[in-house]
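To keep things clear, I will list the structure first and then write my remarks on it.
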Amino acid sequence: MIRRSSASILPRIDEEGELLAPLFTKPRRRTAVVEREPDEEWNTSYPARMVLTIFRTMLKRELGMCNFSTVLARLNAKIVRTRGNTHVATLQIWRDDGREAEWIHMMTRGPGEPRATTASEPAYALVKGGPSIHLVLREILNGKVLEALDWDRYKRHQKLMIGEQTPANAWYLCAVLRCLGIDARVMHSGSSNKARGDIVRLFNKPKSTFKCLIMMFDMGGTGLNIHHANDRVVITSIARSR
Numbered sequence: 001m002i003r004r005s006s007a008s009i010l011p012r013i014d015e016e017g018e019l020l021a022p023l024f025t026k027p028r029r030r031t032a033v034v035e036r037e038p039d040e041e042w043n044t045s046y047p048a049r050m051v052l053t054i055f056r057t058m059l060k061r062e063l064g065m066c067n068f069s070t071v072l073a074r075l076n077a078k079i080v081r082t083r084g085n086t087h088v089a090t091l092q093i094w095r096d097d098g099r100e101a102e103w104i105h106m107m108t109r110g111p112g113e114p115r116a117t118t119a120s121e122p123a124y125a126l127v128k129g130g131p132s133i134h135l136v137l138r139e140i141l142n143g144k145v146l147e148a149l150d151w152d153r154y155k156r157h158q159k160l161m162i163g164e165q166t167p168a169n170a171w172y173l174c175a176v177l178r179c180l181g182i183d184a185r186v187m188h189s190g191s192s193n194k195a196r197g198d199i200v201r202l203f204n205k206p207k208s209t210f211k212c213l214i215m216m217f218d219m220g221g222t223g224l225n226i227h228h229a230n231d232r233v234v235i236t237s238i239a240r241s242r
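What follows is the structure in structure tokens.
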């Protein structure tokens, strides 16, 4: 007898158990192999390839901004959260509206962080967490970009070209340099042929105040004749095709 509690008792029967395995059908597994023609294979895999391309490009772009500057990554996260973006068309609107260092600092300052009251505070805040920006500033000092033109001593125009892949990075770097009082401009694929020509001509002038030219990799160099004395170049990111 098996006593479960003081109020119930179950009888115990000792006998051989019954095997249940023979009562069930043995499972069988088969693998279906679908054979398609080459054109059918391309058509069926097209949606998956498109999704992969979109997400891969998006991830590379996000990682590119994170590696360039943590402040820029924070700005991008805030813009995306409000269903916005940092694409080329949006950046052009920001340029036309004059949204530069002060606006970036206002958008990215942390909780309890006071607003900038001097010209140097936004620049200091925007440079933090940006190793590529530190490299550019170091090259500006090493290349004597901020000093008066001295051809007899340096045999150069004392200017700097910067190669960049991500449009948001180029826009952000230009805003930082202009906040520091350095005349910097971006040449991108959206620039007209006349605008490109004007930028190149101004950059080639030795005594012009235009000191830093930021060039996008996707812009192409057809028809651009950079003076041989402007031979100092910094690559802040590698092109995706590499």
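Numbering (UniProt numbering), first residue to last: 1 to 242.
Beta carbons are placed, not taken as given, at the ideal position from N, Cα and C, and that holds for glycine.
Rounded distance between the beta-carbons of residue j and residue i, thought under 8 Å
i	j	result
Val88	His188	7 Å
Leu149	Pro206	6 Å
Distance CB(residue i)-CB(residue j) smaller than 8 Å
i	j	result
Ile140	Ile199	no
Val186	Ile133	no
Gly163	Thr236	yes
Arg74	Thr108	yes
Thr166	Arg83	no
Leu180	Ala123	yes
Met106	Arg115	yes
Residues near residue i in its chain [Cβ-Cβ closer than 7 Å; skip 5 each side]
i	result
Lys144	Tyr154, Gln158
Gln92	Gly190
Val136	Ile162, Leu173, Val234, Thr236
Gln67	It should be noted that the sequence gives Asn, not Gln, for residue 67. Closer than 7 Å at Cβ, skipping near neighbours: no residue.
Same chain only: Cβ atoms within 8 Å of residue i, ignoring 5 sequence neighbours per side
i	result
Arg178	Glu100, Ala101, Ala184
Glu147	Gln158
Cβ-based burial, residue i [other Cβ within 10 Å; buried from 16]
i	result
residue 251	Nothing in the structure corresponds to residue 251, since the chain is present only between 1 and 242.
Ala168	buried
Glu16	exposed
Phe217	buried
Asn225	exposed
Trp151	exposed
Ile238	exposed
Asn76	buried
Arg156	buried
Gly64	buried
Ser120	exposed
Ile2	A caution first: Ile2 carries a pLDDT of 49, below 50, which makes its placement in the model too unreliable to give a value.
Ser69	buried
Ala21	exposed
Ala170	buried
For residue i, the nearest candidate out of the options (CA to CA)
i	options	result
Arg232	Ala119, Ala116, Arg138	Arg138
Met58	Asn85, Ser208, Pro27, Asn193	Asn85
Lys78	Gly98, Ser208, Arg29, Gly110	Gly110
6 Å CB neighbourhood of residue i in its chain, flanking five on each side removed
i	result
Phe203	Phe210, Leu213
Ala125	His105
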